[in-house]
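A.B. asks: Take this structure, written in structure tokens, and hold onto it; I'll ask about it next.
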Amino acid sequence: MDCLFCEIVKGERPAHVVLDDGPVVAFLDTRPLFKGHTLLVPRTHYETLADLPADLLEPLFAAGQRLSAVMESELGAAGSFVAMNNRISQSVPHLHVHVVPRNRKDGLRGFFWPRTKYDSDDEARAYADRIRGALG
3 MDCLFCEIVK
13 GERPAHVVLD
23 DGPVVAFLDT
33 RPLFKGHTLL
43 VPRTHYETLA
53 DLPADLLEPL
63 FAAGQRLSAV
73 MESELGAAGS
83 FVAMNNRISQ
93 SVPHLHVHVV
103 PRNRKDGLRG
113 FFWPRTKYDS
123 DDEARAYADR
133 IRGALG
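Heads up: the sequence shown runs through residues 3 to 138, numbered per this note's numbering.
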């Protein structure tokens, strides 16, 4: 099975990892809604939330809770957007939670999600370092 996120988890594909904590891994989205947009995945491949074993719910959502707090405390966002898709609009068929920094009038409306880019790999690395550092 070829899975982009499994390759990232195994270290076979480069990514700006911000959290590598037991059963979960988080890394920057390469096409972020806003800079700091992070993807949180279970280390083991599960396609949807319904597939995730009950004992992984707490570690996954506890990590999501920590990441959402960092969007405010470290990145200075006014809040965060936390979401996941199951099959429909799931561009990689590996369960993943989007944790996105949000600010008022940031341009995100409904389900129209404009994407942005980091100016360079160095800028992405700097965002990853800030988030990773804040997570301890």
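C-beta: ideal position from N, C-alpha, C; glycine also.
Computed from a prediction, not measured in an experiment: that's the story for all the values here.
Measuring CA to CA, which of L54, V101 and L51 is closest to L35?
C.D. replies: V101
A.B. asks: Please state whether the Cβ-Cβ distance between L77 and R132 is less than 9 Å.
C.D. replies: Cβ distance < 9 Å, so L77 and R132 count as in contact.
A.B. asks: Out of E74, P44 and A17, which one is the CA nearest neighbour of A64?
C.D. replies: P44
A.B. asks: Label T40 either buried or exposed according to how many other C-beta atoms from any shown protein chain fall within 10 Å of its C-beta, with 16 as the threshold for buried.
C.D. replies: buried
A.B. asks: Buried or exposed for L51, going by 16 or more other Cβ atoms inside 10 Å?
C.D. replies: exposed
A.B. asks: Report the option in K12, A17 and E9 whose CA atom is closest to the CA atom of R134.
C.D. replies: A17
A.B. asks: Count the other CB atoms, across all protein chains shown, that sit within 10 Å of the CB of K37; report buried if there are 16 or more and exposed otherwise.
C.D. replies: buried
A.B. asks: Compare the Cα-Cα distances from L58 to each of I90, P25 and G81 and report the closest residue.
C.D. replies: P25
A.B. asks: Would A130 pass as a contact of P103 if the rule is Cβ separation under 9 Å?
C.D. replies: Inclusion of A130 and P103 in the CB contact set at 9 Å is not warranted, their separation being larger than that value.
A.B. asks: Leaving out five residues before and five after L108 in sequence, what residues of the same chain have Cβ atoms less than 7 Å from its Cβ?
C.D. replies: With the sequence shown as reference, residue 108 is identified as Asp, and Leu is not the correct amino acid for it. F36.
A.B. asks: To the nearest angstrom, report how far apart S93 and M73 are at their CA atoms.
C.D. replies: 23 Å
A.B. asks: Beta-carbon within less than 7 Å of A85's beta-carbon, same chain only, minus the 5 sequence neighbours each way: which residues are those?
C.D. replies: H100
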